[in-house]
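Here's the structure we're looking at; comments come further down.
There are 2 protein chains.
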Amino acid sequence: MSLAASQIKGPLGGVTVIDLTRVLAGPFCTMMLADLGARVIKVEVPGSGDDSRAYGPFVGGKSAYFISINRGKESLALDLKKPDDRTVFEALLGEADVVVENYRPGTMEKLGYGWDTLHARFPRLIYAAVSGFGHSGPYSTRPAYDLVVQAMGGIMSLTGQPEGPPTRVGSSIGDLTAGMFTAVGISSALYRRQIDGKGFKVDVGMLDSQIALLENAIVRTTISGKPPGPLGTRHPSIAPFDMYRTADSWLVLAAGNDHVFRHLAATLGRPALADDARFATNDSRIVHVEALKAEIEAALLTATTEHWLPIFTAAGIPCGPFNNVAQALADPQVQARNMVVSVTDPRTGELHVAGNPIKTSAFPDPATRAPAPELDEGRTRIRGELGLK
Amino acid sequence: MSLAASQIKGPLGGVTVIDLTRVLAGPFCTMMLADLGARVIKVEVPGSGDDSRAYGPFVGGKSAYFISINRGKESLALDLKKPDDRTVFEALLGEADVVVENYRPGTMEKLGYGWDTLHARFPRLIYAAVSGFGHSGPYSTRPAYDLVVQAMGGIMSLTGQPEGPPTRVGSSIGDLTAGMFTAVGISSALYRRQIDGKGFKVDVGMLDSQIALLENAIVRTTISGKPPGPLGTRHPSIAPFDMYRTADSWLVLAAGNDHVFRHLAATLGRPALADDARFATNDSRIVHVEALKAEIEAALLTATTEHWLPIFTAAGIPCGPFNNVAQALADPQVQARNMVVSVTDPRTGELHVAGNPIKTSAFPDPATRAPAPELDEGRTRIRGELGLK
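Chains as they are written, first to last, in the numbering used here: chain S, -5 to 383; chain G, -5 to 383.
Below you can see the structure in the form of structure tokens.
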């Protein structure tokens, strides 16, 4: 007996992922794999399942939070401490390509399913772990949440208003980016295994992932000895490159060089700004960045964002509105790119969730997606495929 | 003649990437591929090269910004409008596995190197494009920067203080996450090609990538019709889960359930908080979240962060400091995980940059990395490998 391929078409078609992950970092990773065509079998604790099944908002008694990161997966409830369920789990591992977990380090070892054990028994199996601090180092076994790693990892020190209070990135990028790095690790491991036939372990920490996102802030800090602080919305070294007030809301404008700045000033109806000595070069515009902002806003405040946007767009100047989530989802480009997809769940009816940002020439990008599974919905089907009762 | 493999050991060993990308989203993607063992040959405009070679800070006349996202790559300067250089470029494509570009859509077509043309001539070549708005839709050819897509994509509407001004995520996650999704697309395409022998096109937009990061904010918006706003540092539906003031700075504390809250209150020296009717359940704690914060801070303000951290850590309560970038880089866990690596460049001397967050059991994770290339440093070597003058 062997497991069938996913019905979803994609580059990872034919790949089977056994998914022990809960809540966000791991499930976001395995949703990416499912969107790429892998069959993802979510192994959950009997009774309650993934903790996020209890997170609001709820529709028809089902967590919309859970649906938004578990669509297109299957569910099997297994108690990994019970012999019968261990038999099922081991049969799954024998058929699977990848196992993913986001337990605290050591948990899999306690269950008898640590990497060394699994690798000895299933040498082709790829093992991926995503955890708060990774599987080594002094904090390895500590609990972590998104807010903890955002605060420790430095990104919050760059986010917020100058002299303002600490500000969290409003999306859980501590979890999400760790899930993304794990997906890169897994897909590169799948490639490698086609070459040499061997599985290996991928170990991604949320705190590590935050460091990887600091990019040039690291060299700016280590060269000068002075860590940078938050700048609101402005660019540290280019001006104008900021969000500006209009008569009714806000507008992003960005001019990467003197030529674009001259064009921007003319489009704003203030061509003289480009001849002002304070604003002649990018270096001088950075020195006088507050004065420049006041001049630009004085002009922009005479009309609405809706007035200005098509004018700057037609002029080819990088610009954009400040959208709330409803406005972002309704944006014609977001719609045209199929970035809001529909999931129809028997309990909730139709819901809208994020689409797959990895578009390809070879595979469909359907506007409707399979719903997230009810707990243990795959029990009979998956056991049957494995030839177990 | 054929191109040698990268000296870097990793799952993508033996893969060759021709990298036409500039500045951030594309170079971040190809740095991930280089860290995973791919040989990345950066094709740059003769004379000036990648725009980011002109971005500060500079050390020894070389851009540290450029080094921090181009280490471990090679450089070849080619003018893709000149016949001789086109011959070299086409010889490279004939040997390569992947080509990556982050031009505005249409640029490759104008050069005669659009996807259809390349696919017909090099059917195994994987083509990846990362652009502001993707290769379809009404905004496809518009210019975009990180700030533009952060503002349009909704994440900024969730980031900041309640009633405060717009706040940008302090790292360029518009670029970085698009680069990460592109890396997932490329590595899954490499896997697929091992199965079916065919290359395909991967098309990632920065705006799309922002939508993919909104996770549960999408369902919260579409279900209620009310888009969520920024919350500073607090969690929308769990309390206490926030950053709190101490005598000298700040401390993150998180209690995901009533049991942990009781333990947190006792550890804080205020066990009575857990018996206060306002704080009896998570739901009531969310209603009284400001009063709860005041109580917690009243206790924390009696001592420093350095006093409190080991106490909460020993109690097993998720907690952490608010680190600036210098503190984050010096953190013992970050150091133990090799997340700050050393690059020694002949011009700059030793610099420190981010390590690779994708740790594996199969490949080394060296503490020193190859420097970023000088413009066209690979001219003789790469032409020689191709059998060209």
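Even for Gly, the Cβ is constructed at its ideal location relative to N, Cα and C.
Following the DSSP letters along the chain, one finds methionine 174 of chain G inside the alpha helix (DSSP H) bounded by residues 167 to 190.
In this structure, the alpha-carbon of alanine 361 of chain S lies about 15 Å from that of isoleucine 205 of chain G. For arginine 331 of chain G, the nearest beta carbon of chain S is closer than 7 Å to its own beta carbon. Annotation: Cβ neighbours of isoleucine 63 of chain S in chain G (cutoff 8 Å, chain order): Glu209 and Asn210. Of all residues in the segment 315 to 330 of chain G, only Pro315, Phe316, Asn317, Asn318, Val319, Ala320, Gln321, Ala322, Leu323, Asp325, Pro326, Gln327, Val328, Gln329 and Ala330 come within less than 9 Å of chain S when Cβ atoms are compared, listed by chain position.
When the five nearest sequence neighbours on each side are left out, the beta carbons in the same chain lying within less than 6 Å of the beta carbon of serine 62 of chain G are those of Val347, in order along the chain.
Contact between alanine 58 of chain S and threonine 342 of chain S holds, since their C-beta atoms are separated by about 7 Å, short of 8 Å.
The Cβ atoms of arginine 186 of chain S and proline 351 of chain G lie no closer than 7 Å to each other.
Residue range 77 to 89 is occupied by the alpha helix (DSSP H) that includes glutamate 84 of chain G.
Close partners of serine 182 of chain G in chain S (Cβ separation under 7 Å): Pro5, Leu6, Leu30 and Ser181. Taking C-beta separations shorter than 8 Å and ignoring five residues to either side along the sequence, the partners of arginine 118 of chain G in its chain run Asp91, Arg187, Gly191, Lys192 and Gly193, following chain order. DSSP places histidine 346 of chain S within a strand segment (E or B) once states are collapsed to three. The beta-bridge partner set that DSSP reports for valine 93 of chain G consists of G:Ile12 and G:Tyr121.
Judged by DSSP secondary structure, arginine 341 of chain G falls outside any beta strand (DSSP E); it is assigned neither H nor E.
Chain-ordered, the chain G residues with CB closer than 7 Å to the CB of valine 246 of chain S read Leu141, Val142 and Ala145. Neighbours of leucine 369 of chain G in chain S, taken as residues whose beta carbon is under 8 Å from its own, are absent, since the nearest beta carbon is some 19 Å off. Leucine 27 of chain S has its alpha-carbon roughly 25 Å from the corresponding atom of valine 163 of chain S.
Per DSSP, the continuous alpha helix (DSSP H) segment holding methionine 146 of chain S begins and ends at 140 to 147. For the 7 Å CB-CB criterion, leucine 87 of chain S and phenylalanine 116 of chain S form a contact. Identification of residues in the segment 46 to 59 of chain G having a C-beta nearer than 8 Å to some C-beta of chain S yields Tyr49, Gly50, Pro51, Val53, Ala58 and Tyr59, given in sequence order.
Taking CB atoms only, tyrosine 185 of chain S has a neighbour in chain G less than 7 Å away.
Beta-bridge partners assigned by DSSP to isoleucine 2 of chain S: none are found. Fewer than three Cβ pairs drawn from the segment 99 to 106 of chain G and the segment 174 to 185 of chain G lie within less than 8 Å of each other, which leaves the two stretches out of contact. Considered as a whole, the segment 236 to 304 of chain S harbours 252 to 261, 276 to 281 and 283 to 294 as its complete alpha helix (DSSP H) runs of no fewer than 4 residues, in chain order.
Residue state for phenylalanine 52 of chain S is assigned as strand, using DSSP reduced to three classes. Judged by DSSP in its simplified three-state form, alanine 71 of chain S adopts strand. With respect to the 7 Å criterion, arginine 331 of chain G and glycine 131 of chain S are classified as neighbours on the basis of their beta carbons.
For tyrosine 133 of chain S, the chain G residues whose C-beta falls within less than 7 Å of its own C-beta are Gln327, listed in chain order. Look at valine 196 of chain S: its C-beta is under 7 Å from a C-beta on chain G. In the DSSP assignment, valine 39 of chain G forms no beta bridge with any residue. No Cβ-Cβ contact shorter than 7 Å links alanine 233 of chain G with leucine 152 of chain G. Remark: C-beta atoms of alanine 32 of chain S and valine 17 of chain S do not approach each other more closely than 7 Å. The straight-line gap separating the alpha-carbon atoms of tyrosine 238 of chain S and asparagine 317 of chain S is approximately 14 Å.
Against leucine 201 of chain S, the close residues of chain G are Gln327 and Val328, in the order they occur along the chain (beta-carbon pairs closer than 7 Å). Contact between aspartate 339 of chain S and threonine 299 of chain S does not hold, since their C-beta atoms are separated by about 37 Å, which reaches or exceeds 8 Å.
A distance below 7 Å separates the beta carbons of leucine 70 of chain S and isoleucine 35 of chain S.
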